[in-house]
Amino acid sequence: MVDVEKALMAIEEKKRWERREEDILEELKRVKSKRKKLKKEAKELKEKIRETESLLKSIREKRRDISSPTLEVSEEIKRM
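If you want it as structure tokens, here you go:
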């Protein structure tokens with residue numbers, strides 16, 4: 077014959093584990109959602125970094141183009 081007290085304890089223990097499983101699944105959903113959001117933010121930041129690097133590169137190239145003629149003119153003046 078089954079001990080009623082042990083059976084009740086087993087049922088209660090099963091319910092606790094089911095609640096624990098539900099909590100874990102909810103936390104997993106939150107973590108996945110947060111991960112998705114962070115991946116999106118990382119992608120946006122990488123794009124902004126690429127844009128900024130491109131802008132800086134173009135500015136540097138323009139500076140070289142501007143400074144180069146200036147140096148040539150100053151060298152020509154020195155020669156005179």
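Quick note on numbering: this note's numbering labels position 15 of the sequence shown as 91, and the sequence is numbered without any gaps. Glycine included, every Cβ here is placed at the ideal spot set by N, Cα and C.
Does D99 come out as helix, strand or coil in the three-state DSSP assignment?
For D99, the secondary structure class from DSSP, reduced to helix, strand or coil, is helix.
Cα-Cα separation between E88 and E98, rounded to whole angstroms
Approximately 15 Å between the Cα atoms of the pair.
If you draw a straight line from the C-alpha of R92 to the C-alpha of A86, how long is it?
The C-alpha of A86 is placed about 10 Å away from the C-alpha of R92.
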